[in-house]
Structure formats: C-alpha cells, structure tokens
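J.:
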Amino acid sequence: MPSWPSETKYISHDVLRIDAPEKVSGRARYASDIQANGWLYGMILRSKWPAATITKINLEPALKIPGIKAAITVQDGERTIRFYGEELAAVAGATKQACLDALRAIQVEARPKPSFVVNEDIAKAQDAPRVWEDSPNTTTPQVHEHGDVDKAFGECAAVSEGFYTTPVQLHNAMETHGSTVSWTDDGVTAWASTQGIASVRDGLAGALRLDHSRVRAITEYMGGGFGAKFGAGVEGVLAARLSQAAKAPVRLMLTRFDEALAVGNRPSSFQRIKIGAKADGTLHAFQMDNYGTPGIGAGAATAGGGGAEIPAPYIYRVPNVRVKQVGVAVNAGSARAFRAPGRPPASFGIESALDDLATKMGMDPLELRLKNDPSEIRRREYKLGAEKFGWKQKYKKPGGSPGIVKTGVGCGGSEWGGGGSRYTQAEAQINPDGSVELRLGVQDIGTGTRTVIAVVAAEMLGLKPEQITVKVGDTQYPPGPGSGGSTTCASVSPTVYDVCNNALAELQKRTGVADARGDNWFAACKKLGVTPLVVQGKWQDGLSSSGTGGVQFAEVEVDTETGLVTVKKITAVHDCGLIVDKLTAESQINGGIIMGMGYALYEERVMDNLSGVVLNPNFETYKLPNIADVPDIDVILLNMPERGVIGIGEPATIPAAAAIGNAVANALGVRVGSLPITPAKVLAALGKVPKPVASAT
Amino acid sequence: MKAFEYATARSLDSAPQLATDNGHYFAGGNDLLGRMKDYITDAKILVNIKSLPGLDQIESGRDHWTLGALVTIAQIENHPGIKKVFPGLHEAAAEVGSQQIRNVATLGGNLAQHSRCWYYRHRDIVCLKKGGDTCYARHGDNRYHSLFTGNTCISPVVSNLGTALAALDATAIVRRSGKEARLSMSELYHRAWENPLAHNSLDPGDLILKVEIPTARGRSAYLQVSDKHAFDWALVSCAVAAQVSGGRLRRPRVALGCISPVPYQVEAANDFLDGKTLDEATVSKAADLVLANAQPLEFNGYKVPLAHALIRRALLKLKG
Amino acid sequence: MKKPEPEVFGAHSRRTFLKSLGTVAVTAAASRAQSVAAELEKVNGEQTVGPGPVPVTLNVNGKPLKLQLEPRVTLLDALRNYSSLTGAKEGCDRAACGACTVLLDNLPIYACQKLAIEAQGHEITTVEGLAKNGRLTKVQEAFVAKDATMCGYCTPGFVMSLTALLQKNPQPSADEVRHACAGNLCRCGTQPRVLEAALQAAGVAAARTTHTEVMDYA
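So the sequence lines, in the order shown, correspond to chains A, B and C. Just so we're aligned: the first sequence equals residues 1 to 697 in our numbering. Just so we're aligned: the second sequence equals residues 1 to 320 in our numbering. Just so we're aligned: the third sequence equals residues 1 to 218 in our numbering.
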C-alpha cells in the first residue's frame, strides 16, 4: 500500500500559489479573455415572457445589421417557454455593438400565457397555474420514516417547533458562463469557463454530433464556478453553431443579467421542523416537512424527483424520524449543483431547530451538540473551537446581552463526502535539462489545483514547487475529473504521487542513478541524453479518503433599532485529512465562510409575481458580501495525515449560515427563521414593524 | 445600449442647444449609462458637459459655500473644509457608491439621478414611471420603496447628497431657458412627489450649475443603514443640521432619504425642535412627528422603526 | 488535429488590430498621445460625432492606442475587444463589481461605465501597466505572498484599487483599506487576505483579520 512521506518539505506547509504572479499581473488568460484569430462577438436573445408559446422568430432584420455574420434560433418551429430568460436565438458579429443592435432587431412572435407562477407557496396550491401543462407543480412527496415518531414526541421532555426558510441563491461567479468556440474543418475547439473540460468536450460532441476526438476543450484560467459550470451549456452549443455558421471563432460570454436567469441556482427550502429530546438532552424525535423550488426542473412532470430535497436531520442520528419533502416547480430557471448541494439549507434548518430546542430546555446549545453529535471528530472540533472562540466567556442566555446593540454567539457543524476519482491519470515529462512538466486533464477553478500538483510533485521528486511546470485545462492531457464535490485535490494528489514514483523508477532504469531525487536530479536527468522521459501515472488507493467535517462558531452584533447584523468573528475548525498546501486550504475555508455569510445575511434571488421576471439580475440588488462585511476569521485545520487527502471546498461553506443565524437568535432572544437575515426581518422579529396601512391601489 | 452621437459642450449657451433633440447631459455618466445599457433611457446625443468652465470649483464663503455641479463626490468627501463646516455632507458623500464611483460621479449627477426602483430599472417591465399603467411595486416587492408619496408611484429618491443638502437648506442654481433659477431641495424634487413620471423638477435642457450651502447651521450629520456595510443603497438615510448655541437648536432641519420621492421633511418636526435641547425624549418626539403620516406597505414597514432610530441618532450627533 | 491557439494579440484579427493602430508609433511617449487627443478636441470643437465609428486615441500604460470606435463603446470594451489588454475584467458591466477597475489619471474608476471617447486625453493605467520590466509591484507581491488570489478574476481590480490607495495614502488603516475596496467584489472569498496584503504592501503592522493554525488530531 502506498503512503505519504511522514517528513515533508512542502506537503502540509505554506506554499505560495504558483499561478498567483500570472493573476496579479493580468497575464492570466481567462476564457473571456481569449482573442482567437478573427474572433466574433456572440450574444443570446432571451424570452421576456415567463411563459409563452413562441410561434415565429424572424432573424432577417438581425442579419441586415452591419457587422453581423450569423444569427440562429435555439430551436426551429413552435416551442413552449417556461421561464423568463429562456434562450431563443443568438447572433455573432464583428462587434458587441452590432450584436446588441441585432438582438433588438430580431422579431419574435409569441402567444404569452396569461398565467404562470414564480412563488413556491402559490405554485403549491391546487388551483395554481401549471408550469408543465399536464401535471401538477409538486412532485410526489418523498417520505423517509423510521421509528415511531408520534409516540416518540410523547416521550420527549421538550419539543420545539419552528419554520426555517432559505432563499434561492445564485452562484454569481465573477466570470460569467461562456466560451470562445472555433469550429473548423479540423474540428471544434472551445476555450471555456468551466469546472469540467471533459464535460464540455463530451457535451459539445453530443450536441453537435461529432466524435469526441474532434472536440477539444481548453481552460487555462476561469473565474469561478461553484457548481454551475459543468457541461457545454446552451450558450456553449450556441457559440459552436454560430462559429460554424459564421466560419469564425465566436466568443460568447453571458452578461451578468443572463447569469441570474438560466444557468443555475441553489433551490429554496421551507422547512417545518419539530424536534424533541429526552430530559438529558438526547434527541429522540424529529419531523420535517420541507418544500422548495429548483425552478422548472421539478414537479410531477419531471420524473425522478425535484432536486430540492435536503438531507435531514443531516448530521444527527435520531431514533424516530419522519421526513416529507416536495419539489415545487415554478416558472424560473433550473437549479444546478451549488457548493455542497443540499447541505447549507439542511444545516440552517437543523441547527436552528437545535438551538431553539436548547433554548426551550434551558441548555447551552454547545452542550446539546456535544451530547448528540455522532461524530467523534466533530465533537473534538467543537471543543477545540469553543476554547479558541471563547464560547464559555461569550455565551449568554438568548437575549441576555444588554443594550441596544446586542451580541450573540452561535455554532453549527458540517459533514461532506468528498474522496478522489479513481480514473484520474497524469503524464510526466522529465527533460534532460532536469525540467519537469506534469500534464493532467483537470482544471484549476481557483482552488489551487495547479499548486497542489506542484507541491506533491516537488515533494516526491525532491525539487522545489517552482521547478515543476504544471499543465492543466486541456482535454488533450490525460483524463481527470471535473472540479466538483470537493474531489479534485483527492484525485490529483495520489495521481501525481504515482506518476512521480513511476518517473523515479523509470529514471533509475534508464540512467542507473539509484535515487535521482534532490541533489542528484540534474545529473540523473542529464544521463537521459537527448530523449525526454515520458511516464504515465494513475490514481492510487490508500492516499486519500472521503468523509470530512467541521464546525464553525459565529459572534455577531445586532443593532436592535436598525436591524443591522454585523458579524464580528468566525472561528472554524475543519478536518481535511492530510493537508497538502496549508495556505490554499485556508483560503478555501475563508471562501466557504464568506459565501455562507452571504447566504446568511445578503443573498436572495427575488422574483416578481406579477411579471414573472427576476427582479435583481445584477450586483446592485443581488447582494454579495464585500470586504467591509467580512469579519475576523480564525481557522483551525485539524491535521489527520493518516487519512490521506480530502477536499475542503464544500464542507467549509455549510455551517456558516447556521452559526450566524444562531448567533443572531442568541443576541435577540427571538429567532429570525428566514434567510437572508436582513434589517427588515430583524425588526419584524422584534415586533417593531407596523402593519401595512395602505393597500395596493 | 443604442448608438448615439456625442459632442462636447464648451459653453452654457451651447450645451442646451446641442442637447435639443433628445439629448442628455453627460458628466460622470454612472446613472445615465446604466439606464442606457438597460434601454430605460435612450438618447440621440450625449452632450459632454465636463468641459463647461467654472463648474468644478468648491468655493468657501462666510455666509455660504458654493459647490459646482461638476465637483466629484470624491472631492466633496475628501475636502477638509467641507468635513469641518458641513460634516453631514461629508458623511453623505462618503457613503455614495464606491471609491470608483465617487471618483467620477458628480454633485449634479447625484442630485439628478433617476429612481433605483427595481421595476423602473428592469429592462422588461414597463411600469408607471416609464409611462405604463401599473406601479408594479405597489402590488409586488416594495421592500425598498416609499413610506410617503403624493402619487401612485412609490419609488423613492436615493440621492445621499440631496438628503444632506436638504437638511442644510441648500439651494440648487439651475440654468433654465437661458436664465438662472434658484431651487430649494424641496423644489428640486417636488415634481416627483406629484408626478409618477418625474424623478425631479428639472425640465429637459435644465442644467444644474451649482449648489449654494448656507453656513448658518454649524452642525450637521448624516446616517444611513443599508443591508450591507458598504457600497449598498441606503434602506433609509437621515440628515440633520442646525445651529447649536447654549445647547439649544436653532433653525434645525431633519431630512430623510429613500422613503419618499423627495428628501422628506416635516415642518412641524423642525418647528418642534427649534429652541430645544437635545435629549432622548425630544429627539424621539421629533421622530414621531416626522413619521406621523407614514403609509407602510406590505414589505417596507420596517423603514418606520429604522427611520425613527436614525432620526434620533442623527439629532443626538448634533450635540457634538 | 491542428492545434489552434488563441492569438497573443489582436482584437477581431491581428490584421485589423494592427491596422487600427494606424501610423502612430506604439512607442510614442505619453505626452504625445495626450497632445494628439488635445489636437483632436480642438479640431472637433463642439462638433457632433457618431453614431458611427470615430477616431479615438487612448493613452494606455504610457502608449497610445489609436482606434475607430462608436461613441457608445466603453473604455472596458475598447481595452478588451480592440486591444490585447484583457487584464481589466468584465464582471457586471454596470459599475457594481470592480473587476474592470483601471486608473484614470491615477484615480481608480470602473472602465465599464466610462466611454472610451471621454477617456481621451487622460492617462489610463491597467493592471498590465504596473509591473515594470516584469518586476511585480509591492501590492502585487503582497497579493502573491498572502494568497490574496483564488480564481483571480477579481484580482486585477483589487490590485488597481489598492495601488491607487497606497499612492494617496501610503500608510492606510484597515478601515481605510476596506473603504477603498468596498467597490470590488470577490466571490471566492479572498477579502481577508486582500486586506492583509494591502497592509503588508503598505508596511503597516497587519491588523489581525485571519488567524490560522494546524493542530494534530492524533
């Protein structure tokens, strides 16, 4: 069985991100920066109706706009539109301005449907307008039950009931979706902003009916994905078709406006939770009714479930459980995977319920968790974190903080799978001059994958990370996984381990140098003569694990007169097995916390019932946390090298909103059960908001 | 954004002429270009007014200061004299947008900006303010909307500077039909109170030249609360100004932003405060008077307690 | 299959791009570019131009960039679509995210909400113009050292905001750093490390914003 070295020079240390100089200097070329020879600008026309039958699309006027080289429809013939922003047509032209004019010139004939529904509660009603004509908006309830819940609640010393809701969250990576696609007689090349180059290649090949071998996807740099950037996407296929029609490469990046409509989101949740414990605090019964919307991708018409289900009671084991969940279709864009799918809402629901139960029992919520959390690692993390955070000193009974600006503390835990992809492969080329190039068909989406590869290779070969040239982001390299599920690090690390070991073995065979590492490296490589050494490697078992957890503590200040919540501090304790690069691991945790903070306090896609549009398809009213909102963050990485490598991107974002929500409740003495926790909701929870006096006129 | 012509105006006389045919004055451009990109506003010609002489000066004086309309928000924020003499204006300027915006946005543009109502700003909604027949916000999500209005449209004015300048009783000097008109802040926005189509009282061709701020109120303050801690529109803002002598307020003024189509002022509250010393009971009573006629809707009722808190706090800041 | 590579250089094609540079030598001094623009202004006076393409000369990183642009073309689009300077990123195109931040006469602005035509006669600095002879600036070095980049798409904007801040205020407080880059959004969550990088670049004792440690489980 392979194993990681116990003494390391780079692994588990702070190693600077190897591509940071490219990024800080503007030299890094992102998908949206690609300027292929003779490139054209591409844009998409979208439906302005939330529900309609499109009867005719006339592209002729667009083609008459000077500079326009191609215009295509997404689909020929009559078609049904089910959400605002669904793609109708696309144009390619010499300039953005020509494309803007062309989009306005396209004539769309449609029969708008008078009724549609964008609100979950309205969509659930019996007489609601149907998103899918022939079937109800709600899925068949998914029920999970064990034990005897009704009886068990009778046996509880305390029972708490609450309603906890989370909004539809948008990924809103800083770089939008899109690519430059060139379709020539030689095949298709796509420079895509993607988390999965292979998924782009396969998606384009499928949609365009081409052999996989004739499609190449390249992602040198990309500006974030968070789960929403897999596959070719409608926009990728349109770019390819435009390129074919215009006989030129087409750069088609979505606008920020587009980004809110049709390229994914995190489903909402509306969790009615009842939870009960025995007198000693042991959880005994749990019941949840949950519904949420993943957009049009739900309802009875979409067999196989709605995609809005969340794990419940998530990380806790309760002997008597009844969970019922329903996905609700609405006329809005479909959900996609979003950093730890299902978990942030699940965490917010259960952790809120737990704190409310603790309040009812007069118990310290941390004690309640230590009593009930089945994970020994996480219980350890709670203890470490509590000490670091100063929980004992800071915790007061809910509402016990004096004054107008109240402080509060809260906590919550997370659990994630992760693990590596056993199909990951790598190629190493050792040149006679001693230079090393590693090639993997993965992509670095900002998590530090390039750096992780360099760290592991440097460790194995006895070189410095900066001596390793890392080539990723091209489907011509050996296959690697998509960057999702926090699996990339655990996929590439064992693979690089293997390819480096193979390289050392082969180098010994070819040169006779017994140990080519470190000081012997250049002399050994020189003995290669004129032919570089190229070796393959693949993922090896035993160097990585799955299953990771973490806990987070939050301290907040809440102004009870203005409702403003200020997060003062987050303490996070996470385990990720063997830490590969401490520096980038910590950055991942910071990032997870800050994204969770956005979920807790600011972010929410807002739909308008009357018009069916997304009201905040921008950064002005879809609010992301900025540097002035971000608190002090303490991170403790719990090192467990014996477990091998485990990813950390997703577990770090899961409990932040729950911890912040609990801290707000602790400060106020009342629960704001609905994310995001805005000043409006805080003031409402405090009973300070007057009833509406003016009716709509 | 549709194509347009572009010209640089060199004189106050030529600017309106150049803009005659669906032209728009163009200075910082933040508001205008945003609207044009979303096809809320279209223009045949943009008339660059940044070269107009004499409008980019901050002039101090004993009785009043004069700020040219082309003075940037950053210049106002960073001016040490303004910070000292009109702290409320300084505080309001510091909360406008972001550094990048403040570096280009002008005083005139901040005063003349259009509603930020998310229905008005939505490219595919034709609301009342855009000449349609429905105020979508009244029926829809009005969390950011007005507590007071004189018409059916409930989109509020969001100019930080307009609010601060209202409390300071400033006067906008506007070039109108070749002459200079003097408008108080109330007058500058009054039309928006009455007319759903209006964002302010300016006619096409009117050009804000400068703003005169009397120095009579030696103390001033501005507070806002947003969902976020920076670079976010105010949910409610409050500006106050007064002369304070012997601990008593003289000629106090309270103005609220983001809760009405105009910087919202209530004379009864100002009158009540005149001659008073600042204590919790007094400022609370003043806040009650300002908010007496609030008409909360389904989602904006929180603005009532929020405004109440801001009025009290801003007034107490005048204690120094 | 043929290996198509993106052009290092050039907008709609290398040829049209080079053509658009016209006869103005790319090495001409900054002052020359400004005088060209000033000349242009004088000649045009109050003349109305557009809506079709008009000559626009931008002084970017000390070099003139001579283009034919419709008046509606923004500075950001001029840089990204008509030159190879793609360091300024498009994140929102609505002056809301800061990815496009460039310096205009040393002041940070959003290039997406500035018309190229009105940026004439000003010194424009993009992220590509900071490092001299390949040597990173203090701010850039601090971003590398503090791991203030993740996906890196917002990074050029932050770097520009902080470069301007340190020019104006060489020893900022943590709150001044926050005030200066509140107009830059980051979705990956680099903010704590951006703050640390800024303070490191300024040589200010780092206000503690993040603290990390490793503990062994075993």
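Even glycine gets a Cβ: it sits at the ideal position worked out from N, Cα and C. Note that this is a predicted model, so its numbers are computed, not measured.
Just checking, does the region 3 to 14 of chain A make contact with the region 566 to 582 of chain A on the three C-beta pairs under 8 Å criterion?
T.: Yes, they touch.
J.: Mind checking if N137(A) is an interface residue toward chain B, Cβ cutoff 8 Å exclusive?
T.: No, no contact with chain B.
J.: Name the chain C residues whose beta carbon is nearer than 9 Å to that of R123(B)?
T.: Chain C residues near R123(B): none, gap ~12 Å exceeds 9 Å.
J.: Three-state secondary structure (DSSP) at A78(C)?
T.: Looking at A78(C) - three-state DSSP - the assignment turns out to be helix.
J.: Fully enclosed by the region 570 to 637 of chain A, which alpha helix (DSSP H) runs are 4 residues long or longer?
T.: With a minimum length of 4 residues, the continuous alpha helix (DSSP H) runs that stay inside the region 570 to 637 of chain A are 582 to 601.
J.: Using 8 Å as the threshold, is the C-beta distance between V330(A) and G295(A) below it?
T.: Yes; because the gap between Cβ atoms is below 8 Å, this pair is in contact.
J.: I'd like to check one pair, N110(B) with S186(B): are the Cβ atoms closer than 8 Å?
T.: No, the pair does not count as a contact, with Cβ atoms beyond the cut-off.
J.: Indicate the three-state DSSP secondary structure (helix, strand or coil) for V240(B) in the structure shown.
T.: V240(B): strand per DSSP, three-state reduction.
J.: Starting from the beta carbon of T678(A), find every residue of chain B whose beta carbon is closer than 9 Å, and list them in chain order.
T.: Here the neighbours are R143, D227, L235 and Y302.
J.: If you run the structure through DSSP and keep just helix, strand and coil, what is P192(C)?
T.: Three-state DSSP puts P192(C) in a helix.
J.: Which residue's Cα is closest to the Cα of V108(A): G93(A), T180(A), Q552(A) and P61(A)?
T.: For V108(A), the nearest C-alpha among the options comes from P61(A).
J.: Quick check on DSSP: helix, strand or coil for F163(A)?
T.: It is a strand residue.
J.: So what does DSSP say about W118(B), is it helix, strand or coil?
T.: Three-state result, W118(B): coil.
J.: I'd like the span of the beta strand (DSSP E) that includes P108(C), first residue to last.
T.: Per DSSP, P108(C) belongs to the beta strand (DSSP E) from L107 to Y110.
J.: Excluding the 5 residues flanking A314(B) on each side, which residues of the same chain have their C-beta closer than 6 Å to its C-beta?
T.: If we look at A314(B) and ignore the five residues flanking it on each side, its Cβ neighbours are A221, L223, C238 and V240.
J.: A28(C) to A454(A), Cα distance in whole Å?
T.: Legend: pLDDT at A28(C) = 39, less than 50; position of this residue unreliable, no value from coordinates given.
J.: Are the region 218 to 226 of chain A and the region 185 to 194 of chain A in contact at 8 Å, needing three or more beta carbon pairs?
T.: Touching, yes, given that three or more Cβ pairs across the two stretches are closer than 8 Å.
J.: Helix, strand or coil: which one does DSSP assign to Y221(A)?
T.: Strand.
J.: Is G563(A) closer than 8 Å to P679(A) when the C-beta atoms are compared?
T.: Going by C-beta atoms, P679(A) is nearer than 8 Å to G563(A).
J.: How about R256(A): is its C-beta nearer than 8 Å to some C-beta of chain C?
T.: Yes, R256(A) counts as interfacial toward chain C.
J.: Is any beta-carbon of chain A found at less than 8 Å from that of H139(B)?
T.: Chain A, which has a Cβ nearer than 8 Å to the Cβ of H139(B), makes this yes.
J.: How many whole angstroms separate the CB atoms of V409(A) and Y395(A), which I take to be in contact at a CB cut-off of 8 Å?
T.: Going by Cβ atoms, the distance from V409(A) to Y395(A) rounds to 6 Å, so yes, they are a contact pair.
J.: I'd like to know whether the C-beta of L278(B) is nearer than 8 Å to at least one C-beta of chain C.
T.: Not one chain C Cβ lies under 8 Å of L278(B).
J.: For S159(B), which of helix, strand or coil comes out of DSSP?
T.: In the structure shown, S159(B) sits in coil (DSSP, three-state: anything other than H, G, I, E or B).
J.: Below 8 Å on the Cβ atoms is my contact criterion, and I expect D141(B) with L615(A) to pass it. Report the Cβ-Cβ distance as a whole number of Å.
T.: Between L615(A) and D141(B) the Cβ distance is about 6 Å, and since that is below 8 Å, they are a contact.
J.: Using only alpha-carbon positions, find the residue among R62(B), E77(B) and C127(B) that is nearest to S611(A).
T.: Nearest option by C-alpha distance: C127(B).
J.: Quick one: list the residues of chain B neighbouring V204(C), beta-carbon separation under 9 Å, in chain order.
T.: In chain order: nothing, as chain B lies at least about 19 Å away.
J.: Report the neighbours of F231(B) on chain A: residues whose CB is nearer than 8 Å to its CB, in chain order.
T.: N626 and A628, listed in chain order.
J.: Strictly below 7 Å CB to CB, what residues from chain A border T163(C)?
T.: Correct list: empty, because the minimum Cβ distance to chain A is about 11 Å.
J.: Using Cβ-Cβ distances below 9 Å, what residues of the region 89 to 117 of chain A are close to chain B?
T.: Against chain B - using a Cβ distance shorter than 9 Å - the residues of the region 89 to 117 of chain A are Q97, L100, D101 and R104.
J.: Comparing the C-beta of L107(C) with each C-beta of chain B, is any distance below 8 Å?
T.: Closer than 8 Å: yes.
J.: With 7 Å as the limit, tell me which residues of the region 74 to 98 of chain B have their beta carbon closer than that to any beta carbon of chain A; keep them in chain order.
T.: For the region 74 to 98 of chain B, which is checked against every Cβ of chain A, not one residue is closer than 7 Å.
J.: Using a C-beta cutoff of 8 Å, does Y6(B) count as contacting chain C?
T.: Judged by the 8 Å Cβ criterion, Y6(B) is in contact with chain C.
J.: Starting from Q47(C), find everything on chain B with Cβ-Cβ shorter than 8 Å and list it in chain order.
T.: Near Q47(C) (Cβ distances below 8 Å), the residues of chain B are A7.
J.: Is K23(A) helix, strand or coil by DSSP?
T.: Helix.
J.: Residues of chain B with a CB under 7 Å from the CB of S611(A): which are they?
T.: Within 7 Å Cβ-Cβ: I125 and Y136.
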